[in-house]
Every structure is written in structure tokens, then in C-alpha cells.
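> Going by the numbering used here, the first residue of the sequence shown is number 12, and it counts up by one from there.
Ideal Cβ positions, reconstructed from N, Cα and C, are used throughout, including at glycine.
What follows is a structure written as C-alpha cells; I'll ask about it next.
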Amino acid sequence: MRDLIQQDELQSRLVAYGQKAKGAISPNTERALKADTAVWSAWCSSHGHVALPALPEALAAFIDEQAASKSIATVRRYVASIARMHRAAGLDDPTKDETVRLAVRRTARTNGTRQAQADALNRPAVDRMIAAAGDSVRERRNVAMLALQYDTMLRRSELVALDVEDVTRQEDGTGTVIVRRSKSDQAGEGAVCFIAADTIVQLDAWIAAAGITAGALFRSVRKAGRVGERLNDRDVPRILKEMAKAAGLTINPSGHSARVGVAQDMTAAGLGLAEIMQAGRWKSPAMPARYSENQQARRGAAAKLAALQDRT
Numbered sequence: 012m013r014d015l016i017q018q019d020e021l022q023s024r025l026v027a028y029g030q031k032a033k034g035a036i037s038p039n040t041e042r043a044l045k046a047d048t049a050v051w052s053a054w055c056s057s058h059g060h061v062a063l064p065a066l067p068e069a070l071a072a073f074i075d076e077q078a079a080s081k082s083i084a085t086v087r088r089y090v091a092s093i094a095r096m097h098r099a100a101g102l103d104d105p106t107k108d109e110t111v112r113l114a115v116r117r118t119a120r121t122n123g124t125r126q127a128q129a130d131a132l133n134r135p136a137v138d139r140m141i142a143a144a145g146d147s148v149r150e151r152r153n154v155a156m157l158a159l160q161y162d163t164m165l166r167r168s169e170l171v172a173l174d175v176e177d178v179t180r181q182e183d184g185t186g187t188v189i190v191r192r193s194k195s196d197q198a199g200e201g202a203v204c205f206i207a208a209d210t211i212v213q214l215d216a217w218i219a220a221a222g223i224t225a226g227a228l229f230r231s232v233r234k235a236g237r238v239g240e241r242l243n244d245r246d247v248p249r250i251l252k253e254m255a256k257a258a259g260l261t262i263n264p265s266g267h268s269a270r271v272g273v274a275q276d277m278t279a280a281g282l283g284l285a286e287i288m289q290a291g292r293w294k295s296p297a298m299p300a301r302y303s304e305n306q307q308a309r310r311g312a313a314a315k316l317a318a319l320q321d322r323t
């Protein structure tokens, strides 16, 4: 009975935390927390453990088991979500225990820390996808969305959050778009991104075909070209995959593929890391450097030496 009362109290704390956290964390973070803690709770149920509060030994065993099929990035995300779950319930964080720390290190040493990189959407691939698209309302939307994502390097959540009013057109045919909130800007300071003239043309073609004047920029398109509600961020990779397939490409794009491709194209064009970070709104050089490492290698000292020795 005592354990039951304790669990009821802990659940009440979690509910209260969830209410307080509304609007304070992004929808993606909220979804990840729910999914990760559900995995942990299901594992505890099947192994005879209590999910909350967690025993460090049980959590270490969970990490070891997950490491057999999950990447180190996923395991670390699970650990972070479980830690947050405990803080929300007013409990000590079990992930600080040395037993758990060692389990995470063991996973990193066994599986490695290098993450798989999303297939890149470089400019030639983008051009092929645009050229393969037709003139239907849905395809005009797809073209405009892809073109805008390439110019702005927007994350998929940022892309679908845009409104028509966020786009500003300039006299020379180019434009800008304001990104009001992003993964790296939770305070909502906003950022302004450049839009090329050909992308403005494609945006205007979509807006005219959709018959929209305000509100959500990218929306669902039903049968007969009927325009519906704002797209979900999970719609973005699905649309990109459909466009790549229609263009006869063998890549499997994700919501991050445009960011990878643009970072690579910028590096190949001779742009510096600081410029790429500014364009993609990265706070750290780690990710853009990782995205463009192949291009950097081809421009590095070893490549230059091989050219001087006439071995290329």
C-alpha cells in the first residue's frame, strides 16, 4: 500500500510538471520525452523493475540491453529523458550514479560515437527533383518547400511553422523570411534568412495556386487540389522522399538532408566555416564540420600534396 501511495504521488508530480512545461519545451522535445520514457517503462515492466524511482543497477542493465540494437546517440537520449523524468518527479537523478556512467561509456566504446549522416540534398539533386515535378497544386507546394529549405537551411519544424506573412519580397526579385523560433533559439529572438529570386518565383506560384493570403505557408493538399491545414514536420521527409523517387534519385532524404547538402555545397564553393554556421544558425561548428568533412578532406593538405605529386 505504501508503494502504491508513493507511485500515485510520483505520477501526480509528473502530471503537474507536464502542465507547467506546456509551452516551455518544443513539441519535438515533448514527443521524444514521451517516447523515450515509454520505452524505459515498458522495459521495466517486462523485467520486474520499477521505472520511478529507478535503481542505478536496473538502468545500467537497460543501457547494456539497448546498446545491442541502438546507436550511442539514441542510448544517450534515453538516459537524458530518464534523468528529466526523475527531476520532474522531484527525485534524485540515477543517471549520475557511476554504475550508469560506466554503462554509457561501455556503449560508446563498443558501438562508437560516430552517427550516421543523412543523405545530402546537393544542388544537382535539388535541380533534378524540381525539374521532375509537375504543375499540380501539390507539386507546386513541394517545389516551393524544397527550394525554400535549400536556400534557408531550415529544419523541418522551422519550415512548417512559417506563415505567408513571414516572407518579405525585395525590389531585385530576391526575398527574406523570418524564422521566429527554432531548435537553437528557444527564446524566440528570431532570425532572418535570404531567399533567392528563383525561389521567390516558386513560392509565389504555390501561393497563387493554393489561393492563400495569410496563415500557414505550407499546407496539405487533398484530392482535386483542395488545400487543407498546416503541414506537420513529419510530412517533410515523406514529401522529399516522394520527390527524390519521382526524379529517379537513389538517395533517401530526411528532414535534415537539405542542411547537409547546403553545408557541403557551401564548402565546395570555398565558403568558410563561420559563414556556414551563420547561414545554418549553428551555435557550434561541430555539425557543419561533420556534414562537410568529405569536401574538407578533398581540399586538405593530403589532397594538395597528391596533386603536387601528380597522383590525382
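Compute the distance between the beta-carbons of Met164 and Val273, then report whether it is under 8 angstroms.
On the sequence shown, position 153 is the one that residue 164 refers to. On the sequence shown, position 262 is the one that residue 273 refers to. Contact: yes.
> Counting Cβ pairs closer than 8 angstroms, one from the region 200-207 and one from the region 153-164, do we hit at least three?
Flag = yes, the region 200-207 and the region 153-164 touch.
> Kindly indicate the opening and closing residues of the alpha helix (DSSP H) around Thr179.
Working through the sequence shown from its first residue, we reach residue 179 at position 168. From DSSP, Thr179 is part of no alpha helix (DSSP H) but of the beta strand (DSSP E) over Val178 to Arg180.
> Hey, how far is the Cα of Ala313 from the Cα of Gln320?
Taking the first residue of the sequence shown as position 1, residue 313 is located at position 302. Taking the first residue of the sequence shown as position 1, residue 320 is located at position 309. Near 11 angstroms, if we compare the C-alpha coordinates of Gln320 and Ala313.
> Under 8 angstroms: do the region 97-105 and the region 49-69 share three or more Cβ pairs, one atom per stretch?
Cβ pair count under 8 angstroms is three or more, so yes.
> Under DSSP, the beta strand (DSSP E) around Phe229 begins and ends at which residues?
Stepping through the sequence shown from its first residue, residue 229 is reached at position 218. Taken as a continuous stretch (DSSP letters only), Phe229 belongs to no beta strand (DSSP E), as it is neither H nor E.
> Cβ of Leu284 within 8 angstroms of Cβ of Ala297?
On the sequence shown, residue 284 is found 273 positions in, with the first residue counted as 1. On the sequence shown, residue 297 is found 286 positions in, with the first residue counted as 1. No; because the gap between Cβ atoms is not below 8 angstroms, this pair is not in contact.
> Would you identify the three-state DSSP class for Val188, choosing helix, strand or coil?
In the sequence shown, residue 188 corresponds to position 177, counting from 1. DSSP places Val188 in strand when its eight states are reduced to three.
> Would you identify the three-state DSSP class for Ser23, choosing helix, strand or coil?
For the purposes of this step, residue 23 is taken as residue 12 along the sequence shown, with counting starting at 1. Three-state DSSP puts Ser23 in a helix.
> Is the beta carbon of Ile74 sitting closer than 8 angstroms to the one on Ala114?
To locate residue 74, count along the sequence shown from 1; it is residue 63. To locate residue 114, count along the sequence shown from 1; it is residue 103. Cβ atoms of Ile74 and Ala114: closer than 8 angstroms.
> Consult DSSP for Arg292 and reduce its assignment to one of helix, strand or coil.
If you number the sequence shown from 1, residue 292 lands on position 281. If DSSP states are grouped into helix, strand and coil, Arg292 belongs with coil.
> Mind checking Asn305: buried by the 16 CB within 10 Å criterion, or exposed?
One-based indexing of the sequence shown puts residue 305 at position 294. It is exposed - the Cβ of Asn305 has fewer than 16 other Cβ atoms within 10 Å.
> Which word fits Ala8, buried or exposed, when buried means at least 16 other C-beta atoms lie within 10 angstroms of its C-beta?
Outside the shown range of the chain, which is 12 to 323, sits residue 8, and nothing can be said about it.
> Return helix, strand or coil for Ile36, following the three-state DSSP convention.
Taking the first residue of the sequence shown as position 1, residue 36 is located at position 25. Of the three classes helix, strand and coil, the one that applies to Ile36 here is coil, per DSSP.
> Would you give the residue range spanned by the alpha helix (DSSP H) that Ile141 belongs to?
Position 130 of the sequence shown, counted from the first residue, corresponds to residue 141. Unbroken alpha helix (DSSP H) run through Ile141: Arg134 to Ala143.
> Kindly indicate which three-state DSSP category Met12 falls into: helix, strand or coil?
Position 1 of the sequence shown, counted from the first residue, corresponds to residue 12. With a pLDDT of 37 at Met12, under the threshold of 50, the modelled position of this residue cannot be trusted; read the value that follows with caution. Looking at Met12 - three-state DSSP - the assignment turns out to be coil, as it is neither helix nor strand.
> Can you give me the C-alpha to C-alpha distance between Arg230 and Leu21, rounded to a whole angstrom?
On the sequence shown, position 219 is the one that residue 230 refers to. On the sequence shown, position 10 is the one that residue 21 refers to. Distance between the alpha carbons of Arg230 and Leu21: 40 angstroms.
> Specify, as a first and last residue, the run of the alpha helix (DSSP H) that Glu109 falls within.
Working through the sequence shown from its first residue, we reach residue 109 at position 98. It spans Glu109 to Asn122 - the alpha helix (DSSP H) in which Glu109 sits, taken as one unbroken run.
> So the candidates are Lys81, Thr48 and Gly59; which of them puts its Cα closest to the Cα of Ile93?
Your numbering for residue 93 matches position 82 in the sequence shown. Ile93 has its Cα closest to that of Thr48, out of Lys81, Thr48 and Gly59.
> Just the Cα atoms here: how many angstroms apart are Leu30 and Pro38?
Working through the sequence shown from its first residue, we reach residue 30 at position 19. Working through the sequence shown from its first residue, we reach residue 38 at position 27. The question names Leu, yet the displayed sequence has Gln at residue 30. Cα to Cα, Gln30 sits roughly 14 angstroms from Pro38.
> For Val266, which residues of its own chain have a beta-carbon under 6 angstroms away from its beta-carbon, when the five flanking residues on both sides are left out?
Counting from one through the sequence shown, the residue named residue 266 turns up at place 255. Per the sequence shown, the amino acid found at residue 266 is Gly instead of Val. Arg167, Val247 and Pro248.
> By how many angstroms is the C-alpha of Glu253 removed from the C-alpha of Ser147?
Within the sequence shown, numbered from 1, the residue matching residue 147 stands at position 136. Within the sequence shown, numbered from 1, the residue matching residue 253 stands at position 242. The alpha-carbon atoms of Ser147 and Glu253 are separated by roughly 15 angstroms.
> What residues are listed by DSSP as bridge partners for Val238?
Here residue 238 is taken as the residue at index 227 of the sequence shown, counted from 1. Beta-bridge pairing links Val238 to Val232.
> Have a look at Ala235 and Ala216 and give me their C-alpha separation to the nearest angstrom.
The residue labelled residue 235 in the question sits at position 224 within the sequence shown. The residue labelled residue 216 in the question sits at position 205 within the sequence shown. Approximately 17 angstroms between the Cα atoms of the pair.
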